[in-house]
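Student: According to numbering that gives the first Met the number 0, the sequence shown is numbered sequentially starting from 0.
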Amino acid sequence: MVSKEMYTFEDSEVVELVELRTAAVTYTASLANEAGLVNFSNLVGNFTLAAETAFKAGRIPKTPENQQLLQNLRDLLGTLQIYRYQGDRELSPRAAQIRDSIRRVTFGDVISLRPEATASVCRAYIEHNMQQLPQPVKLYYMGPMFRRERPQKGRYRQFYQIGAEVLGGSDAPAIDAEVIEMVMTFFDRLELQGVQLEINSIGCRDCRPKYVELLRAELLKVKDKLGPDSQRRIETNPLRVLDSKLESEQTIIATLPRIADHLCEECAAHYAAVKHQLEARGVIYRENWRLVRGLDYYMRTTFEITAQGLGSQNAVCGGGRYDGLVELLGGPPTKGIGFAIGEDRLILSLQESGKAPVQQGRDVYIAWMGERAHATAIRAAKDLRKAGFSVELPPMEQKFGKALGQADKLGAKYALILGDNEVSEGLWTLKTLADGSQLKLPEPALIEHLRKSKAVSS
Ligand code: HAM
């Protein structure tokens, strides 16, 4: 679905084989001389032996293909010298065959890190027979996703999404509107600034292909004026041309046919009803006929929400309807709609506008000086932590002035000052950093005092 951005790799534990494989397939010295051929034979021999051992031990997949490839390698290896005497022309094709066989031996399952979670949620719906639950089923998820994109502000290779999906039941436009209303309410509660909702309908299996063909035909007429990416997309996915941010293409794109004018009757009615339902909920939207979204599973409603302070990667949420995806993954025909919030971008935008919660400082910083005071400080830290306070206990002795500066930097509410005097008198000094006031109290009274002040502030 987003294959070009996927992190895909062979999940293998046989590191030594990976190294031997690389050495054998990248060996470039000539095989025409004795030394070159001996080296190459050794590399291939080492690889084959190690792979056979790993195969027997089940450390690489025990597939018939692997078995056959290892057999081929054994046979070819044994004949390398013979081919050598028949000349370079015989030897080269054998060496190529050997390299090819080595490349094709599999070391483990090929796995991909998930680039998004909608497909996984659909699979879970199928696997857990959720169509038997009261419909629609409403699900949510939070977690890391991975895409091999060019990193920049707000675009990372590992990022976090909070998503929600509504599966099954009907495709009533009220569901689309309620899903959008929910995320807009969430953003409103967070006081996210500059929130803008854009919506579109990209039609269905009946009307979209006709529109795509029309678009392709129109794009071909202006092909020469488009950049290389868009030129390529005319063939691969003309809809994505509408996504282009290239300045020179904007006036051309503005003249292209718009999908809203080519929706079938049902899709047009659905789109009109979604807008009506949004209005009924007081959700403010802007229509954007170019909002096609990058994932292939969408149909009808698509939407994106942007916020301020994010630069070019300003979408904090994307979503849409994907009726048919569950079926595509082997389940029953099922309606579906949902969204995913980019958590990193959400936090970034909140931080930029000063709405992110400030980091909590420590409750108590223990400033101590002297061996005896250190022992008392360790005990005090233990007791205070047990009583639920967050405590910073410096590992090394510092002058009180420096320690208090440190306490300030960490945003501590109190500094507990423990010097030799305090320890011998059994009277501890507690400084409130906000106003500089000081108290001298015996240990139990001091802890009681902190406990009370904590109860008041929370
Ligand atoms: P998406 O538009 O690809 O949709 O991603 C949703 C959001 O994830 C984006 O709006 C953005 O905030 C965040 N995001 C995407 N890529 C990155 C990245 N590289 N770094 C930081 N944040 C990123 C989906 O993933 C769909 N599965 C949403 C959906 C759910 N549609 C229906 N249901």
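For glycine and all other residues, C-beta sits at the position ideal for the given N, C-alpha and C.
#1: Which of the three DSSP states is assigned to residue 203 in this structure?
#2: So for residue 399, helix, strand or coil by DSSP?
#3: Which residue's Cα is closest to the Cα of residue 125: 194, 325 and 339?
#4: Taking 8 Å as the threshold (C-beta atoms), are residue 46 and residue 19 in contact?
#5: If you pair each beta-carbon of the stretch 208 to 223 with each one of the stretch 289 to 309, do three or more pairs fall below 8 Å?
#6: What residue does the alpha helix (DSSP H) around residue 52 start on, and which one ends it?
#7: If you count every other CB in all the chains shown that lies within 10 Å of the CB of residue 401, and 16 or more means buried, which is it?
#8: Mind the definition here: the stretch 160 to 170 touches the stretch 325 to 341 only if three or more C-beta pairs lie below 8 Å; say whether that holds.
#9: Nearer than 7 Å: is that true of the beta carbon of residue 154 relative to any heavy atom of ligand 2?
#10: For residue 412, which residues of its own chain have a beta-carbon under 6 Å away from its beta-carbon, when the five flanking residues on both sides are left out?
#11: By a C-beta neighbour count over all protein chains shown, 10 Å radius and 16 as the cutoff for buried, is residue 276 buried or exposed?
#12: In whole angstroms, what separates the C-alpha of residue 244 from that of residue 224?
#13: From this set, 375, 419, 393 and 389, which residue's C-alpha is nearest residue 453's C-alpha?
#14: When you compare only the Cα positions, how much space is there between residue 23 and residue 62?
#15: Looking at the structure shown, is residue 154 part of a helix, part of a strand, or coil, going by DSSP?
#16: Assign residue 443 to one of three DSSP states: helix, strand, or coil.
#17: May I ask you to report which of helix, strand or coil DSSP gives residue 453?
#18: Which of the three DSSP states, helix, strand or coil, is assigned to residue 459?
#19: Is it true that the stretch 256 to 267 meets the stretch 193 to 201, where meeting means three or more beta-carbon pairs spaced less than 8 Å apart?
#20: Excluding sequence positions up to five away, which residues of its chain have a Cβ less than 6 Å from the Cβ of residue 111?
#21: Considering only residues of the same chain and omitting the five flanking positions on each side of residue 321, which have a CB-CB separation below 6 Å?
#22: Which residue comes first and which comes last in the alpha helix (DSSP H) that contains residue 119?
#23: Unbroken alpha helix (DSSP H) runs of length 4 or more, entirely within the stretch 192 to 270: which are they?
#24: Roughly how many angstroms separate the alpha carbons of residue 0 and residue 183, rounded to a whole number?
#25: In the structure shown, what three-state DSSP assignment does residue 185 receive?
#26: By Cβ distance, which residues of its chain are closer than 7 Å to residue 368, with the 5 residues on each side in sequence left out?
#27: If you draw a straight line from the C-alpha of residue 269 to the C-alpha of residue 189, how long is it?
#28: In angstroms, rounded to a whole number, what distance separates the CA positions of residue 353 and residue 302?
#29: What does the alpha-carbon distance come out to for the pair residue 343 and residue 146?
#30: Examine ligand 1 and report whether any of its heavy atoms sits within less than 7 Å of the Cβ of residue 130.
#31: May I have a chain-ordered list of the beta strand (DSSP E) segments no shorter than 3 residues that lie completely inside the stretch 326 to 404?
#32: Are the beta-carbon atoms belonging to residue 458 and residue 106 less than 8 Å from one another?
#33: Please classify residue 283: is it buried, with 16 or more other beta-carbons within 10 angstroms of its beta-carbon, or exposed?
#34: Which value, in whole angstroms, describes the spacing of the CA atoms of residue 235 and residue 154?
#35: When you compare the CB positions of residue 365 and residue 415, do they come within less than 8 Å of one another, or not?
#36: Select from 447, 392 and 387 the residue whose C-alpha is nearest the C-alpha of residue 376.
Tutor: Let's see:
#1: Residue numbering aside, residue 203 sits at position 204 when the sequence shown is read from its first letter. It is coil, neither helix nor strand.
#2: Counting from 1 along the sequence shown, the entry for residue 399 is found at position 400. Residue 399 falls in the helix class under three-state DSSP.
#3: Stepping through the sequence shown from its first residue, residue 125 is reached at position 126. Nearest option by C-alpha distance: 325.
#4: Here residue 19 refers to the residue found at position 20 of the sequence shown. Here residue 46 refers to the residue found at position 47 of the sequence shown. In this structure, residue 46 lies closer than 8 Å to residue 19 by Cβ.
#5: no
#6: In the sequence shown, counting from the first residue as 1, residue 52 sits at position 53. Where residue 52 is concerned, the enclosing alpha helix (DSSP H) stretches over 33 to 55.
#7: Here the question's residue 401 lines up with position 402 in the sequence shown. Residue 401 comes out exposed.
#8: yes
#9: Judged by which ligands are present, ligand 2 is missing from the structure shown, whose ligands are ligand 1.
#10: Along the sequence shown, read from residue 1 onward, the residue named residue 412 stands at position 413. For residue 412, where only same-chain residues beyond five positions count, the Cβ hits under 6 Å are 362.
#11: Here residue 276 refers to the residue found at position 277 when the sequence shown is read from its first residue. With 16 or more other Cβ atoms within 10 Å, it is buried.
#12: Position 245 of the sequence shown, counted from the start, is the residue given in the question as residue 244. Position 225 of the sequence shown, counted from the start, is the residue given in the question as residue 224. When rounded, the distance between both Cα atoms is 15 Å.
#13: Counted from its first residue, the sequence shown places residue 453 at position 454. Of the listed residues, the one whose Cα sits closest to residue 453 is 389.
#14: As a working note, residue 23 is residue 24 in the sequence shown. As a working note, residue 62 is residue 63 in the sequence shown. Between residue 23 and residue 62, the C-alpha separation is close to 22 Å.
#15: Position 155 of the sequence shown, counted from the start, is the residue given in the question as residue 154. Three-state result, residue 154: strand.
#16: Position 444 of the sequence shown holds residue 443. It is helical.
#17: Here residue 453 refers to the residue found at position 454 of the sequence shown. Residue 453 falls in the helix class under three-state DSSP.
#18: Because the chain here runs from 0 to 457, residue 459 falls outside it and cannot be looked at.
#19: yes
#20: In the sequence shown, counting from the first residue as 1, residue 111 sits at position 112. Closer than 6 Å at the Cβ level, and outside the excluded window around residue 111, lie 5 and 7.
#21: Within the sequence shown, residue 321 is the residue found at index 322, counting from 1. If we look at residue 321 and ignore the five residues flanking it on each side, its Cβ neighbours are 296, 297 and 335.
#22: Residue numbering aside, residue 119 sits at position 120 when the sequence shown is read from its first letter. Looking at the DSSP string, the run of the alpha helix (DSSP H) that includes residue 119 is 117 to 126.
#23: 206 to 220, 227 to 235 and 249 to 253
#24: Position 1 of the sequence shown, counting from 1, holds the residue named residue 0. Position 184 of the sequence shown, counting from 1, holds the residue named residue 183. Because residue 0 sits at a pLDDT of 48, beneath the cut-off of 50, its placement in the model cannot be relied upon, and the following sentence gives the value as read from the coordinates. Using only the alpha carbons, I get a separation of about 27 Å.
#25: Walking along the sequence shown from the start, residue 185 turns up at place 186. Here residue 185 sits in helix by DSSP.
#26: For this step, residue 368 is matched to residue 369 along the sequence shown. The answer, listed in chain order, is 396, 399 and 418.
#27: Within the sequence shown, the letter at position 270 stands for residue 269. Within the sequence shown, the letter at position 190 stands for residue 189. Computed Cα separation, rounded: 31 Å.
#28: Counting from one through the sequence shown, the residue named residue 353 turns up at place 354. Counting from one through the sequence shown, the residue named residue 302 turns up at place 303. Each residue's alpha carbon lies about 26 Å from the other.
#29: In the sequence shown, counting from the first residue as 1, residue 343 sits at position 344. In the sequence shown, counting from the first residue as 1, residue 146 sits at position 147. Answer to the nearest angstrom: the Cα atoms are 14 Å apart.
#30: In the sequence shown, residue 130 corresponds to position 131, counting from 1. Residue 130 Cβ: outside cutoff for every heavy atom of ligand 1.
#31: 335 to 341 and 363 to 367
#32: There is simply no residue 458 to check, as the chain begins at 0 and stops at 457 in what is shown.
#33: For this step, residue 283 is matched to residue 284 along the sequence shown. So residue 283 counts as exposed.
#34: One-based indexing of the sequence shown puts residue 235 at position 236. One-based indexing of the sequence shown puts residue 154 at position 155. Rounded to whole angstroms, residue 235 to residue 154 spans 24 Å at the Cα level.
#35: Residue numbering aside, residue 365 sits at position 366 when the sequence shown is read from its first letter. Residue numbering aside, residue 415 sits at position 416 when the sequence shown is read from its first letter. Yes; because the gap between Cβ atoms is below 8 Å, this pair is in contact.
#36: Within the sequence shown, numbered from 1, the residue matching residue 376 stands at position 377. With distances taken between Cα atoms, residue 376 lies closest to 392.
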